[in-house]
Ligand code: ADP
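Residue numbers (our numbering): 35 to 488.
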């Protein structure tokens, strides 16, 4: 097992990794930017090394400085968390070349799966259903028009290198296809230095279902069932839960088995997630693999009792999976809400600043993963997630009631958060009935061009 793990991340996920290391009796080093100087999680590490200034490009994305910090402090592994360098296969490769283990998948599998177009080729080989669309990349406007007309509008233009909702455009006719083709390419080129795009049929009001996977370096791959992440705003998840409500057991079984097949075909190990869309007839289609731990991983930890971060570390150290597929059972219902420092009344614009009052909920069935506290200043530089509030109960009905109780207890002053919108969601009939889709928030809570609640 490792002696010391370096955490190449910040905020709640840095704290999550610190906790796993403590539980495993492994030393832990954090890197930080000047914007995070004095941040609460840093005092829980054995050592903290400053690697640059606030902008991520000068700190959390600076590969040589992170590797140098690991070498200087004698860390023998690096946990990348999510975001930042977590899906950068070149970072994984450079870590391993420096004889520092990267706590994640093999870099070859990461590179292939990191490209949505290549991931689709692997999915096809694994006989996993795909959203109908172009066979490969689209290289001209004429080809884009041909493919769109072949599958019929609406279609989605997607950047192969895309992520975080960037480089995606919906087209409902020839005119919006041509403008979308150009702007998706430009956005992807600027964000990922890769402007290649492909086209998919745009599914109307799908659900987002994803499968948690764990694989070891000895060829064993298991799934830990699904999460339903349909509650999104602008393709960004707001609420995640497991099991997915109203999902026929046969469909659940097929989705989970497809995900395992795909991971095996890709030669994947570590924790990972296979994402699917589900249409109204319960047909499922692969969309992408996230080759890292995800924000919403605790949902799965609650229903399965498996500590995913500990497993990631054990797998990276070469150990065999501790679980067989038959050991994994989905027990009860778990739901997570993302508490972001954003103002839901002002188009969700970021709301950084000092937290003047912080009281987080507790009691039976509640888990809060957060790095925030009273007096903490949310810096403007990074992702706006300040807490993940989770509940776990025997039934979904009880989880919803406990979540309402917990949301009512939560007090955050000094910054705006997404707590009010979650209160509204948990009192909305469609959510309570488990019949929402990825367009629900925009369709029901906000009308186009008017971002104030109805
Ligand atoms: P990113 O990597 O940028 O997050 P994804 O491919 O994971 O992009 O898609 C994010 C979200 O976009 C999905 O959860 C879904 O809401 C929507 N989406 C993606 N592909 C389609 C599609 N073909 N039809 C309808 N919605 C889609």
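Positions of the beta carbon are idealized from the N, C-alpha and C atoms, including for glycine.
Bear in mind that the values here come from a model prediction, so they are computed numbers and not experimental data.
Ordered along the chain, which non-local residues of its own chain (more than five positions away) have a Cβ less than 6 Å from that of residue i?
i: residue 185; result: 166, 235
i: residue 397; result: none
i: residue 485; result: Caution is warranted here: a pLDDT of 43 is assigned to residue 485, below 50, making its placement in the model unreliable, and no coordinate value can be reported.
i: residue 143; result: 300, 301, 302
i: residue 489; result: Nothing about residue 489 can be reported from this structure: the residues present for the chain run from 35 to 488 only.
i: residue 324; result: 307
i: residue 438; result: 460
Excluding sequence positions up to five away, which residues of its chain have a Cβ less than 7 Å from the Cβ of residue i?
i: residue 279; result: 262, 430, 468
i: residue 470; result: 264, 265, 464
i: residue 359; result: 256
i: residue 321; result: 165, 309, 310, 311
i: residue 168; result: 181, 232, 233
i: residue 98; result: none
i: residue 95; result: 118, 119
i: residue 249; result: 255, 297, 302, 303, 304
i: residue 399; result: 425, 426, 427, 436
i: residue 152; result: 146
Within 10 angstroms of its Cβ, does residue i collect 16 or more other Cβ (buried), or is it exposed?
i: residue 315; result: exposed
i: residue 393; result: exposed
i: residue 35; result: exposed
i: residue 171; result: exposed
i: residue 461; result: exposed
i: residue 442; result: exposed
i: residue 72; result: exposed
i: residue 173; result: exposed
i: residue 93; result: buried
i: residue 508; result: Outside the displayed span of the chain (35 to 488) sits residue 508, for which this structure offers no information.
i: residue 472; result: buried
i: residue 37; result: exposed
i: residue 176; result: exposed
i: residue 379; result: exposed
i: residue 227; result: exposed
i: residue 113; result: buried
i: residue 89; result: exposed
i: residue 59; result: exposed
i: residue 138; result: buried
i: residue 490; result: Past the edges of the chain, shown from 35 to 488, lies residue 490, and the structure says nothing about it.
i: residue 224; result: exposed
i: residue 135; result: buried
i: residue 238; result: exposed
i: residue 331; result: buried
State yes or no: is the C-beta of residue i nearer than 7 Å to some heavy atom of the ligand ADP?
i: residue 206; result: no
Less than 8 Å between C-beta atoms, sequence neighbours within five positions excluded: which residues of the same chain meet that for residue i?
i: residue 218; result: 191, 192, 193, 201, 202, 203, 231
i: residue 373; result: 404, 419, 420, 421, 422, 423, 444, 446, 451, 452, 453, 456
i: residue 333; result: 261, 274, 275, 276, 368, 369, 370, 424
i: residue 386; result: 375, 411, 412, 413, 414, 418, 449
i: residue 407; result: 74, 389, 392
i: residue 106; result: 83
i: residue 259; result: 245, 246, 276, 277, 286, 290, 334, 337, 338, 362, 364
i: residue 63; result: 38, 39, 40, 41, 79, 80, 81, 82, 83, 103, 104, 107, 109
i: residue 85; result: 65, 66, 67, 93, 94, 96, 99, 100, 103
i: residue 317; result: 163
Counting pairs of beta carbons, one from the segment 286 to 300 and one from the segment 145 to 157, are three or more of them closer than 8 Å? yes
Quiz: which residues have CB nearer than 5 Å to the ligand ADP non-hydrogen atoms: 165, 190, 196, 197, 199, 234, 236, 237, 242, 269, 321, 322, 472
Can you find at least 3 beta carbon pairs, one from the segment 284 to 293 and one from the segment 121 to 129, that sit closer than 8 Å? no
When the Cβ atoms of the segment 67 to 86 are set against those of the segment 46 to 58, are three or more pairs found closer than 8 Å? yes
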